[in-house]
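*Asks:* Residue numbers for the sequence shown, in my numbering: 108 to 324.
Once you've had a glance at the structure underneath, I'll fire off some questions.
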Amino acid sequence: MKVLSFYSTTVGKKLVMAVTGLILAVFVLGHMAGNLQIYQGPEKLNHYAQLLRVSMPLLWTVRLILLVSVVLHIVAAVQVTLQNWRSRPQKYAVSAYQEADIASRTMIWGGLVVAAFVVYHLLHLTFGTAHGDFKPGDVYHNVVSGFQVPLVSLFYILANIFLALHLYHGMWSWFQTLGFSHPKYNRARRVFATVYAVVIAVGNISIPVSVLAGWVK
108 MKVLSFYSTT
118 VGKKLVMAVT
128 GLILAVFVLG
138 HMAGNLQIYQ
148 GPEKLNHYAQ
158 LLRVSMPLLW
168 TVRLILLVSV
178 VLHIVAAVQV
188 TLQNWRSRPQ
198 KYAVSAYQEA
208 DIASRTMIWG
218 GLVVAAFVVY
228 HLLHLTFGTA
238 HGDFKPGDVY
248 HNVVSGFQVP
258 LVSLFYILAN
268 IFLALHLYHG
278 MWSWFQTLGF
288 SHPKYNRARR
298 VFATVYAVVI
308 AVGNISIPVS
318 VLAGWVK
């Protein structure tokens, strides 16, 4: 009951967003690092994919943690957003929007784009139902043939730009939510959030760009 009572507060919801957001941010970094092995050739990437399936119980445990994190993150975000809209006067809301940076302004819509991207990504490269030439077990082939479709690559690129903006704002807010906010360290927080977001964006976007350019084939 105490947990539910704490969650009912804005602070509780923001803490849930911070913790689940951190879990997802760490996963995104690890996922990108694994995918970048595509530059080492098909054998390396496919071997990496096989290693992930060595222990199916562990794999599904990780997937369950990620699924729960995504659901809690979205639910808490929607509830906090609705609370903010209801509690703020119209003039204040307009002023806050005008003063916000692009990452803050696109947080809600960017989150929706990222959510849609995650669903499509799973259907495209994990389950293969949205892939015209999917070969189970051949991750390298699936990635290359998938990104040879310009519209698919364009969607991945745009989605990762929104993901980067979402990560930037999320990592910046994470420190504040957990009480690590101080004017003395704001610059360091901003640099960290920027570097993290840029690394993720550049790493992920480089793959469809490399396939379209013919550097990876």
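Just so you know, even glycine gets a beta-carbon here, dropped at the ideal spot from N, CA and C.
For G217, collect the residues of the same chain with a Cβ closer than 7 Å to its Cβ; drop the 5 residues on either side in sequence, then sort them by chain order.
*Replies:* Your numbering for residue 217 matches position 110 in the sequence shown. Correct list, in chain order: F269, L272, H273.
*Asks:* Here's the rule I'm using: 16 or more other beta-carbon atoms within 10 Å means buried, otherwise exposed. How should G148 be labelled?
*Replies:* As a first step, residue 148 is located in the sequence shown; it is residue number 41 there, counting from the start. With fewer than 16 other Cβ atoms within 10 Å, it is exposed.
*Asks:* Quick check on DSSP: helix, strand or coil for G137?
*Replies:* Your numbering for residue 137 matches position 30 in the sequence shown. Residue state, collapsed to three classes: helix.
*Asks:* Whether or not the segment 273 to 284 and the segment 122 to 133 are in contact is what I'm after, with contact meaning three or more pairs of Cβ atoms, one per stretch, closer than 8 Å; do they touch?
*Replies:* Contact between the segment 122 to 133 and the segment 273 to 284 is present, because at least three Cβ pairs lie under 8 Å.
*Asks:* Under DSSP, the alpha helix (DSSP H) around I172 begins and ends at which residues?
*Replies:* Counted from its first residue, the sequence shown places residue 172 at position 65. First-last of the alpha helix (DSSP H) with I172: 163 to 194.
*Asks:* With the cut-off set at 9 Å, would you say S252 and G239 are in Cβ contact?
*Replies:* Walking along the sequence shown from the start, residue 252 turns up at place 145. Walking along the sequence shown from the start, residue 239 turns up at place 132. Yes, Cβ-Cβ distance for S252 and G239 is below 9 Å.
*Asks:* Would you decide whether N267 is buried or exposed? Buried here means 16 or more other CB atoms lie within 10 Å of its CB.
*Replies:* Working through the sequence shown from its first residue, we reach residue 267 at position 160. Classification for N267: buried.
*Asks:* Does the distance between the C-beta of Q157 and the nearest non-hydrogen atom of the ligand ATP fall short of 8 Å?
*Replies:* By its list of ligands, the structure shown contains no ligand whatsoever, and the ligand ATP lies outside what it can speak to.
*Asks:* Looking at C-beta atoms only, is the number of pairs between the segment 248 to 263 and the segment 277 to 296 that lie closer than 8 Å three or more?
*Replies:* They do not touch, by the three-pair rule.
*Asks:* So what does DSSP say about V318, is it helix, strand or coil?
*Replies:* The sequence position of residue 318 within the sequence shown is 211, counting from 1. Reduced to three states, the DSSP call for V318 is helix.
*Asks:* Could you say if the segment 169 to 188 and the segment 124 to 143 meet the contact criterion of at least three C-beta pairs nearer than 8 Å?
*Replies:* The segment 169 to 188 is in contact with the segment 124 to 143.
*Asks:* Between Y155 and chain D, is the shortest Cβ-Cβ distance under 9 Å, so that the two count as touching?
*Replies:* In the structure shown, chain D does not exist; there is a single protein chain.
*Asks:* Please state the DSSP three-state secondary structure of M124.
*Replies:* Position 17 of the sequence shown, counted from the start, is the residue given in the question as residue 124. DSSP places M124 in helix when its eight states are reduced to three.
*Asks:* Looking only at its own chain, which residues have a Cβ that is under 7 Å from the Cβ of G310, when we skip the five neighbours before and after it?
*Replies:* To locate residue 310, count along the sequence shown from 1; it is residue 203. Excluding sequence neighbours, G310 sits near M139, L143.
*Asks:* Measuring straight from C-alpha to C-alpha, what distance separates V110 and K291?
*Replies:* As a first step, residue 110 is located in the sequence shown; it is residue number 3 there, counting from the start. As a first step, residue 291 is located in the sequence shown; it is residue number 184 there, counting from the start. Each residue's Cα considered, the two are about 33 Å apart.
*Asks:* To the nearest whole angstrom, what separates the beta carbons of V246 and L152, a pair I think is in contact under 8 Å?
*Replies:* Position 139 of the sequence shown holds residue 246. Position 45 of the sequence shown holds residue 152. That pair is a contact at about 6 Å.
*Asks:* Touching or not, the segment 219 to 226 and the segment 258 to 267, by the rule of three or more beta carbon pairs under 8 Å?
*Replies:* Contact between the segment 219 to 226 and the segment 258 to 267 is present, because at least three Cβ pairs lie under 8 Å.
*Asks:* Taking C-beta to C-beta, are T117 and Q190 nearer than 9 Å?
*Replies:* Locating residue 117 in the sequence shown gives position 10, counting from the first residue. Locating residue 190 in the sequence shown gives position 83, counting from the first residue. Yes. Within cutoff.
*Asks:* Under the rule that 16 or more other beta-carbon atoms within 10 Å means buried, what is H289, buried or exposed?
*Replies:* Residue 289 sits at position 182 when you count from the first residue of the sequence shown. H289 comes out exposed.
*Asks:* Using beta-carbon positions only, say whether I314 and I181 come within less than 9 Å of one another.
*Replies:* Within the sequence shown, residue 314 is the residue found at index 207, counting from 1. Within the sequence shown, residue 181 is the residue found at index 74, counting from 1. Not in contact: I314 and I181 (Cβ atoms no closer than 9 Å).
*Asks:* Can you give the beta carbon distance from I215 to T188, rounded, assuming they're within the 8 Å contact cut?
*Replies:* Here residue 215 refers to the residue found at position 108 of the sequence shown. Here residue 188 refers to the residue found at position 81 of the sequence shown. Indeed they touch by this definition, with Cβ atoms about 6 Å apart.
*Asks:* Where Y303 and A183 are concerned, what is the direct C-alpha to C-alpha distance, given to the nearest angstrom?
*Replies:* The residue labelled residue 303 in the question sits at position 196 within the sequence shown. The residue labelled residue 183 in the question sits at position 76 within the sequence shown. Approximately 23 Å between the Cα atoms of the pair.
*Asks:* Since S248 is in the alpha helix (DSSP H), which residue starts that stretch and which ends it?
*Replies:* Walking along the sequence shown from the start, residue 248 turns up at place 141. According to the sequence shown, residue 248 is His rather than Ser. From DSSP, the alpha helix (DSSP H) with H248 extends over 246 to 254.
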